[in-house]
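**Q** Here the protein sequences line up with chains A and B, keeping their order. The C-terminal position of the first sequence is numbered 244 in this note's numbering, with every residue numbered one higher than the one before it. The C-terminal position of the second sequence is numbered 492 in this note's numbering, with every residue numbered one higher than the one before it. Attaching a single structure in structure tokens format; questions to follow.
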Amino acid sequence: MTAPQEVLRRGAGAEPPRPMDTAAKAGENVRVIFRGRQAIRRPGRTVYPGMQRFRFPVGRLPDEALLAGLATGDPELAATFVRRFQHTVFGVALAVLGDPQLAEDVAQQTFERAWRHAQMYDSRRGSVTTWLTAIAHNLAIDVVRARRPQPVAPEDLDTLLDVVTDTPEQLALADEASSALRAAVARLPREQGRALVMAGIYGMTAQQIATMEQIPLGTAKTRIRTAMGKLRSTLTSPKRGDHG
Amino acid sequence: MDNDVICEQLREIGAELALGVLPGRQRAEAVRHLDRCADCREYVEQLTLVGDGLLGLLPGSEPPAGFETRVARRLQHAAAQDDRGRLRGRGSLPRRGFRSRVRLRVAAAAATLALAFGFGGWAVGTVLSNEAAAPSRPVEAGAGMLHAQLAGVGHERGPVGEIYVHPGPPAWVYMSVDLADAGIAYGGKASCVLVRKDGTSVRIGAFTLHGGYGYWGAPSSVDPSQLSGVRLIAADGTVLATARFGAR
Numbered sequence: 001m002t003a004p005q006e007v008l009r010r011g012a013g014a015e016p017p018r019p020m021d022t023a024a025k026a027g028e029n030v031r032v033i034f035r036g037r038q039a040i041r042r043p044g045r046t047v048y049p050g051m052q053r054f055r056f057p058v059g060r061l062p063d064e065a066l067l068a069g070l071a072t073g074d075p076e077l078a079a080t081f082v083r084r085f086q087h088t089v090f091g092v093a094l095a096v097l098g099d100p101q102l103a104e105d106v107a108q109q110t111f112e113r114a115w116r117h118a119q120m121y122d123s124r125r126g127s128v129t130t131w132l133t134a135i136a137h138n139l140a141i142d143v144v145r146a147r148r149p150q151p152v153a154p155e156d157l158d159t160l161l162d163v164v165t166d167t168p169e170q171l172a173l174a175d176e177a178s179s180a181l182r183a184a185v186a187r188l189p190r191e192q193g194r195a196l197v198m199a200g201i202y203g204m205t206a207q208q209i210a211t212m213e214q215i216p217l218g219t220a221k222t223r224i225r226t227a228m229g230k231l232r233s234t235l236t237s238p239k240r241g242d243h244g
Numbered sequence: 245m246d247n248d249v250i251c252e253q254l255r256e257i258g259a260e261l262a263l264g265v266l267p268g269r270q271r272a273e274a275v276r277h278l279d280r281c282a283d284c285r286e287y288v289e290q291l292t293l294v295g296d297g298l299l300g301l302l303p304g305s306e307p308p309a310g311f312e313t314r315v316a317r318r319l320q321h322a323a324a325q326d327d328r329g330r331l332r333g334r335g336s337l338p339r340r341g342f343r344s345r346v347r348l349r350v351a352a353a354a355a356t357l358a359l360a361f362g363f364g365g366w367a368v369g370t371v372l373s374n375e376a377a378a379p380s381r382p383v384e385a386g387a388g389m390l391h392a393q394l395a396g397v398g399h400e401r402g403p404v405g406e407i408y409v410h411p412g413p414p415a416w417v418y419m420s421v422d423l424a425d426a427g428i429a430y431g432g433k434a435s436c437v438l439v440r441k442d443g444t445s446v447r448i449g450a451f452t453l454h455g456g457y458g459y460w461g462a463p464s465s466v467d468p469s470q471l472s473g474v475r476l477i478a479a480d481g482t483v484l485a486t487a488r489f490g491a492r
């Protein structure tokens, strides 16, 4: 825990250099952005004495506050936001696309979308991580649909299914809900798990799944529905049951 | 068509709908049904959470070196393009660029529909408008954290910033302000005054606005649970903006 005095003391320049930083000459309204070794002076813009004085530890800001900061266009908050979520965003894109270059482009687009549409985020509907993950996933699916007649090779499908059901590192880090969901996916019959991953991660329609698995369309739909129903049961209490 | 039959049909396709893989016509019919059936809405919302949770099982991966810098450049480039577009559209020179995104507003009803039945969770980029949102919409963000939008005093053009109060410990306050959106190009010192529920207030600090814009953060000794709102006050005592936190 950081005491208020410690927060204040950080104004003495104890922080390590950052890619983007501000000029701190007294009374000089100049911002300096470092690009490689080149320091670019940008006069008349954003020097914030309040923030300078308090040296607010932006790395400790909650996700929602960082997102709000991103929306304002503050470079330091934007950099912190990217650092915090790049691992997750790039991971989603790479899992869907399997191509690091395409994945990076999608990850960059994801952060641009987040910047443009930060005002749409509503914390009551889910975490910032979930929001960003959904953006990255939707963009990656768009790329897949535009570029490939078959979204995923059969061997890649099985590999990904193994990854989402049995990754010791992930299990160690996961929260209770994620662990329960992972276990539920692992318990699915293999053909249902494959249908789930094809639809839920690769964005394949039931018809595409039927073609790839060489099964009737109705069977593909049943596999998706059954798998999702089982997972839903793990995430909802019995009281929130079905109707009709 | 009988409502029960539709509910049964929706059970058949709800999973595909929630995962965003239902073909267009069926999706449109399903959404029409959801618009009038709360039970089915809840059903699909739960399935959507499952879909989001499935994505959450994907392993993270570090992007190539320099990714952060490339994202920063991309944002700067996008901001510059936006500025040029506005310049062409208005024939004037707005000087905000990167930070002007704060003016994007959600068409709330459409967004609600898109988000609730969002075909892969959150549907982004479909429902933006330039209409001003209601001022000082109280929103509770995160566990115990207060969040509210600042409204410019005497201006009805929508939010002019945001304030977050984190419970800590230590408690802290973060505020971003863009008064230019309300036509206030104030430059100079601005004080942040927290207002308690009993009507008393406490000034917790000041920062400088440039052209109406600035952000600031500071630790606070005020108990967040006792707060009702905030005032942003200019050096001459003029109240620039206010916000109210939602009742808890």
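The beta carbon of each residue, even a glycine, is placed where N, CA and C say it ideally should be. Quick caveat: nothing in here was measured; it's all calculated off a predicted structure.
Who are the Cβ neighbours of Pro100/A in its own chain at under 7 Å, not counting the five residues just before and after it?
**A** Residue 100/A sits at position 100 when you count from the first residue of the first sequence. Closer than 7 Å at Cβ, skipping near neighbours: Leu94.
**Q** Cα separation between Gln393/B and Arg475/B?
**A** Here residue 393/B is taken as the residue at index 149 of the second sequence, counted from 1. Here residue 475/B is taken as the residue at index 231 of the second sequence, counted from 1. Their backbone Cα atoms lie some 11 Å apart in a straight line.
**Q** Assign Arg310/A to buried or exposed, taking buried as 16 or more other Cβ atoms, counted over all protein chains shown, within 10 Å of its Cβ.
**A** Any question about residue 310/A goes unanswered here, given that chain A covers just 1 to 244.
**Q** Between which residues of its own chain and Ala220/A is the CB-CB distance below 7 Å, once the five residues before and five after are set aside?
**A** The residue labelled residue 220/A in the question sits at position 220 within the first sequence. Only Ala195, Ala206, Ile209, Ala210 and Glu213 meet the Cβ criterion.
**Q** Report, in whole angstroms, the separation of the C-beta atoms of Leu301/B and His137/A, which I expect to be a contact under 8 Å.
**A** On the second sequence, position 57 is the one that residue 301/B refers to. On the first sequence, position 137 is the one that residue 137/A refers to. The Cβ separation is near 12 Å, so there is no contact.
**Q** Quick check: is the beta carbon of Phe489/B nearer than 7 Å to any beta carbon in chain A?
**A** Within the second sequence, numbered from 1, the residue matching residue 489/B stands at position 245. For Phe489/B, the answer is no, since every Cβ of chain A falls outside 7 Å of its Cβ.
**Q** Using alpha carbons as the reference points, say which of Gln108/A, Leu102/A, Val96/A and Asp158/A lies closest to Ala79/A.
**A** On the first sequence, residue 79/A is found 79 positions in, with the first residue counted as 1. Distances from the alpha-carbon of Ala79/A to those of Gln108/A, Leu102/A, Val96/A and Asp158/A put Gln108/A closest.
**Q** Would the beta-carbon of Gly193/A fall within 7 Å of that of Leu161/A?
**A** Translated into the one-based positions of the first sequence, residue 193/A becomes position 193. Translated into the one-based positions of the first sequence, residue 161/A becomes position 161. Closer than 7 Å, so yes.
**Q** Report yes or no: do the stretch 408-422 of chain B and the stretch 455-467 of chain B share at least 3 C-beta pairs separated by less than 8 Å?
**A** yes
**Q** Give the single residue among Pro463/B, Gly432/B and Leu453/B whose Cα lies nearest to the Cα of Arg447/B.
**A** On the second sequence, residue 447/B is found 203 positions in, with the first residue counted as 1. Among Pro463/B, Gly432/B and Leu453/B, the Cα nearest to that of Arg447/B belongs to Pro463/B.
**Q** Residue ranges of each beta strand (DSSP E) run of no fewer than 3 residues wholly in the stretch 268-335 of chain B, ordered along the chain?
**A** none
**Q** With distances taken from CA atoms, which of Ala180/A, Leu157/A and Ala146/A is nearest Leu102/A?
**A** Looking up residue 102/A in the first sequence gives position 102. Nearest C-alpha to Leu102/A: Ala146/A.
**Q** Can you say whether His410/B is buried or exposed, counting buried as having 16 or more other CB atoms within 10 angstroms of its CB?
**A** Start at 1 with the first residue of the second sequence, and residue 410/B comes out as number 166. Buried, since its Cβ has 16 or more Cβ neighbours within 10 Å.
**Q** In chain order, what residues of the stretch 84-117 of chain A put their CB closer than 7 Å to some CB of chain B?
**A** Within the stretch 84-117 of chain A, the residues whose Cβ lies closer than 7 Å to some Cβ of chain B are Gln86, His87, Thr88, Phe90, Gly91, Val92, Leu94, Ala95, Pro100, Glu104, Ala107, Gln108, Phe111, Glu112, Arg113, Trp115, Arg116 and His117, listed in chain order.
**Q** Decide if Glu64/A is buried, meaning its Cβ has at least 16 other Cβ atoms within 10 Å, or exposed.
**A** Within the first sequence, the letter at position 64 stands for residue 64/A. Counting Cβ neighbours within 10 Å, Glu64/A comes out buried, since at least 16 surround it.
**Q** Give me the DSSP bridge partner(s) of Tyr459/B.
**A** For the purposes of this step, residue 459/B is identified with residue 215 of the second sequence, where counting begins at 1. For Tyr459/B, which the question treats as bridged, DSSP gives the partners Ser420/B.
**Q** Can you name the start and end residues of the beta strand (DSSP E) that His137/A belongs to?
**A** Counting from 1 along the first sequence, the entry for residue 137/A is found at position 137. No beta strand (DSSP E) contains His137/A, which is instead part of the alpha helix (DSSP H) from Val128 to Arg147.
**Q** Over what stretch of residues does the alpha helix (DSSP H) that includes Gly432/B continue unbroken?
**A** Start at 1 with the first residue of the second sequence, and residue 432/B comes out as number 188. It is not in any alpha helix (DSSP H) - Gly432/B instead sits in the beta strand (DSSP E) that spans Gly432 to Arg440.
**Q** Using the Cβ count rule (16 or more neighbours within 10 Å means buried), how would you classify Val371/B?
**A** Working through the second sequence from its first residue, we reach residue 371/B at position 127. Residue placement at Val371/B cannot be trusted, given a pLDDT of 23 that sits under 50; what the coordinates show is reported in the next sentence. Counting Cβ neighbours within 10 Å, Val371/B comes out buried, since at least 16 surround it.
**Q** When you check each C-beta in the stretch 301-316 of chain B against every C-beta of chain A, which residues fall closer than 9 Å?
**A** Here the close residues are Leu301, Leu302, Pro303, Gly304, Ser305, Glu306, Pro307, Pro308, Phe311, Glu312, Thr313, Arg314, Val315 and Ala316.
**Q** Any residues in the stretch 125-137 of chain A with a beta carbon nearer than 7 Å to a beta carbon of chain B? Which ones, in chain order?
**A** For the stretch 125-137 of chain A, which is checked against every Cβ of chain B, the residues closer than 7 Å are Arg125, Gly126, Thr130, Trp131, Thr133, Ala134, Ile135 and His137.
**Q** Give the DSSP bridge partners of Ala450/B, in chain order.
**A** Position 206 of the second sequence, counted from the start, is the residue given in the question as residue 450/B. DSSP lists Ser435/B as partners of Ala450/B.
**Q** Counting C-beta neighbours from all protein chains within 10 Å, is the total for Val346/B 16 or more, i.e. buried, or is it exposed?
**A** The residue labelled residue 346/B in the question sits at position 102 within the second sequence. Low per-residue confidence applies at Val346/B: pLDDT is 26, beneath 50, and the placement is therefore not dependable, though the value from the model is reported in the following sentence. Per the 10 Å Cβ criterion, buried.
**Q** So, helix, strand or coil for Ala385/B, using DSSP?
**A** Looking up residue 385/B in the second sequence gives position 141. With a pLDDT of 42 at Ala385/B, under the threshold of 50, the modelled position of that residue is not reliable, and the figure given next carries that caveat. Three-state DSSP puts Ala385/B in coil, outside helix and strand.
**Q** Using the Cβ count rule (16 or more neighbours within 10 Å means buried), how would you classify Gly310/B?
**A** As a working mapping, residue 310/B is identified with position 66 in the second sequence. Exposed: under 16 other Cβ atoms inside 10 Å.
**Q** Give the interface partners of Ile224/A over in chain B, defined as CB-CB distance under 7 Å, in chain order.
**A** Looking up residue 224/A in the first sequence gives position 224. Neighbours of Ile224/A on chain B, chain order: Ala259 and Glu260.
**Q** Roughly how many angstroms lie between the CA atoms of Met389/B and Val197/A, to the nearest whole one?
**A** Taking the second sequence and counting its residues from 1, one reaches residue 389/B at position 145. Taking the first sequence and counting its residues from 1, one reaches residue 197/A at position 197. So the alpha carbons of these two residues sit roughly 36 Å apart.
**Q** Along chain B, which residues have their Cβ under 8 Å away from the Cβ of Thr236/A?
**A** Against the first sequence, residue 236/A aligns to sequence position 236. The contacting residues are Gln290.
**Q** Note down, one range per segment and in chain order, each alpha helix (DSSP H) of at least 4 residues found wholly within the stretch 144-231 of chain A.
**A** DSSP runs (the alpha helix (DSSP H)) wholly in the stretch 144-231 of chain A: 154-165, 168-173, 176-187, 190-200 and 206-213.
**Q** Hey, how far is the Cα of Ala429/B from the Cα of Thr486/B?
**A** Position 185 of the second sequence, counted from the first residue, corresponds to residue 429/B. Position 242 of the second sequence, counted from the first residue, corresponds to residue 486/B. Going by the C-alpha atoms only, they are around 17 Å apart.
**Q** Under a three-way DSSP split, which group does Val96/A fall into?
**A** As a working mapping, residue 96/A is identified with position 96 in the first sequence. Note: Val96/A maps to helix in three-state DSSP.
**Q** Which residue or residues does DSSP assign as beta-bridge partners of Leu471/B?
**A** On the second sequence, position 227 is the one that residue 471/B refers to. Bridge partners of Leu471/B: Arg440/B.
**Q** Compare the C-alpha of Arg223/A against each of Ile201/A, Tyr202/A, Pro189/A and Arg232/A and name the closest.
**A** Mapped onto the first sequence, residue 223/A falls at position 223. It is Pro189/A whose Cα lies nearest to the Cα of Arg223/A.
**Q** Going by the CB atoms, is the gap between Thr234/A and Ala180/A shorter than 7 Å?
**A** Numbered from its first residue, the first sequence carries residue 180/A at position 180. Numbered from its first residue, the first sequence carries residue 234/A at position 234. Yes; because the gap between Cβ atoms is below 7 Å, this pair is in contact.
**Q** Under DSSP, the beta strand (DSSP E) around Gly405/B begins and ends at which residues?
**A** Numbered from 1 along the second sequence, position 161 holds the residue referred to as residue 405/B. Residues Pro403 to His410.
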